[in-house]
Amino acid sequence: GHLLLEDVPGVGKTSLAKALADSLSLSFARIQCTPDTTPSDITGLSVYSPAEGKFRVIPGPVMNNIVLADELNRTSPKTQSALLEVMEEHKVTIDGKEQPVPEPFMVIGTQNPAEMAGTYPLPESQLDRFMIRSSVGYPDPKASEDMARRFLAGQLHDAVHPVLTARDVREMQSGVAEISIHDHLTAYAVNIIDATRNKAEISCGASPRALLSMLRCAQALAFMDDRSYCIPEDIASAATLTLPHRLVLSSGARLSRVTGGDMIAKILAQAKVPR
């Protein structure tokens, strides 16, 4: 699934994405989104080659395993939409021809929630394609001291060594998809999704895509816990991770400073947990 990181500048969002790619032996590309970034800057383009006498496709940065779209909300809606097809279909269309992206494929988008001048809010259709929204946060004092020592010793940017390969990642993805979810847990997940559509504080609830993302996230949590099946806690945790950023709150809720996370916590507290 794709990841949206919301945090202030300088906390290591780009370093995190690059380190993730290096540790998994995956290709990496960074797109610095600006108001003049065009769709072809993301997807690639077809240009005529006089030497060859034909058009040649120049791949864009999305033809990598992990793509960092830095400050995604600073580029125009037209350019933001260029990511929609590739995030959902894992392919791009250049000059009428479909080009599949390499697998595994992941988009990491970043935006600064504290600075809104000159930005274009991400549309609901794009937010819905990010499985999880999270933040890096500031390091604690101990981690800050360690970072300072490594910086002074010239070791801050030591290379990250691969621990897995692309094949390993694909095998893990297959393993996640095989995690069992009992029917009563599926019904529990559906009830949570349905509750987001029946709250006065929420003007637009979670989509069917959100349900699928929540179930896949629950499977991943069970996989990481070395279980072959999901439990209710996996569904609840997955809801907390995958749903808050997808909810469109009413104007009254926003004025009251209610957040999507608040609403999911309220829904989970009211939901009947299967046992």
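Numbered per the numbering used here, the sequence shown spans residues 759 to 1033. Ideal placement from N, C-alpha and C gives every residue a C-beta, glycine not left out.
For residue i, count neighbouring C-beta atoms within 10 Å of its own C-beta (all shown protein chains included) and say buried if the count is 16 or more, exposed if not.
i	result
Ala-947	buried
His-942	exposed
His-760	buried
Ala-901	exposed
Met-982	exposed
Arg-925	exposed
Asp-790	It should be noted that the sequence gives Gln, not Asp, for residue 790. Exposed, since its Cβ has fewer than 16 Cβ neighbours within 10 Å.
Asp-992	buried
Met-889	buried
Ala-809	exposed
Gly-854	exposed
Just the C-alpha distance for residue i and residue j, rounded to the nearest angstrom, thanks.
i	j	result
Ile-950	Arg-814	49 Å
Gln-869	Val-769	12 Å
Leu-1013	Ala-958	14 Å
Ile-927	Leu-782	The question names Ile, but residue 927 in the sequence shown is Val. If you take the alpha carbons of Val-927 and Leu-782, they lie about 8 Å apart.
Ala-953	Gln-1028	10 Å
Ile-800	Ser-965	27 Å
Phe-786	Val-934	23 Å
Gln-931	Ala-978	8 Å
Glu-873	Pro-767	10 Å
Ala-911	Pro-920	23 Å
Leu-778	Lys-812	38 Å
His-940	Val-1016	33 Å
Ser-892	Ser-1008	22 Å
Ala-1011	Ile-960	8 Å
Tyr-878	Gln-838	9 Å
Pro-871	Pro-897	18 Å
Cys-988	Gly-1018	24 Å
Arg-788	Asp-984	33 Å
Gly-818	Ala-840	11 Å
Thr-851	Lys-1024	42 Å
Glu-903	Gln-884	38 Å
Tell me which residues share the same chain as residue i and place their Cβ nearer than 7 Å to its Cβ, disregarding the 5 neighbours each side in the sequence.
i	result
Ile-816	Gly-802, Leu-803, Val-805
Pro-990	Leu-943, Tyr-946, Val-1031, Pro-1032
Ser-986	Ile-937, Ser-938
Ile-1022	Ala-997, Thr-998, Leu-1001, Pro-1002
Arg-887	His-760, Leu-842, Met-845, Glu-846
Leu-774	Val-894
Asp-916	none
Lys-929	The amino acid at residue 929 is misidentified as Lys; the sequence shows Glu. Excluding positions up to five away in sequence, the list is empty.
Check the C-beta distance from residue i over to residue j and give it rounded, since I have them as a contact under 8 Å.
i	j	result
Cys-975	Leu-999	6 Å
Met-880	Leu-826	For the record, residue 880 in the displayed sequence is Leu; it is not Met. In fact, because the Cβ distance is near 15 Å, the residues do not count as touching under 8 Å.
Ala-895	Asp-1020	The sequence given here has Gly at residue 895, not Ala. Contact flag wrong, Cβ pair sits at about 19 Å.
Val-918	Asp-780	4 Å
Leu-763	Lys-776	About 13 Å separates the two Cβ atoms, so there is no contact after all.
Ala-994	Leu-1026	5 Å
Keeping to the same chain, check which residues put their C-beta closer than 6 Å to that of residue i; ignore five residues upstream and five downstream.
i	result
Leu-914	Arg-908
Thr-923	Ser-783
Glu-856	Lys-849
Ser-807	Arg-814
Gly-867	Leu-762, Ala-827, Leu-830
Indicate, with yes or no, if the ligand ZN has a heavy atom lying under 7 Å from the CB of residue i.
i	result
Met-864	In terms of ligand content, the structure shown is empty, and the ligand ZN therefore cannot be addressed.
Here's a check: name, in chain order, each residue in its chain whose Cβ is nearer than 8 Å to the Cβ of residue i, leaving out the five neighbours to either side.
i	result
Arg-967	Asp-886, Arg-887
Met-864	Gly-759, His-760, Leu-761, Asn-823, Ile-824, Val-825
Met-905	Pro-897, Leu-914
Glu-882	Cys-962, Arg-1004, Val-1006
Arg-955	Gly-963, Ala-964
Would you call the stretch 809-822 and the stretch 842-862 touching, i.e. three or more CB-CB distances under 8 Å? Contact between the stretch 809-822 and the stretch 842-862 is present, because at least three Cβ pairs lie under 8 Å.
Specify whether the stretch 993-1010 and the stretch 968-975 touch according to this definition: at least 3 beta carbon pairs, one from each stretch, less than 8 Å apart. Output reads yes: the stretch 968-975 touches the stretch 993-1010.
Under 8 Å, with one C-beta from each stretch per pair, do the stretch 785-795 and the stretch 826-845 reach the 3-pair mark? As far as the Cβ criterion goes, the stretch 785-795 touches the stretch 826-845, which means the pair count is three or higher.
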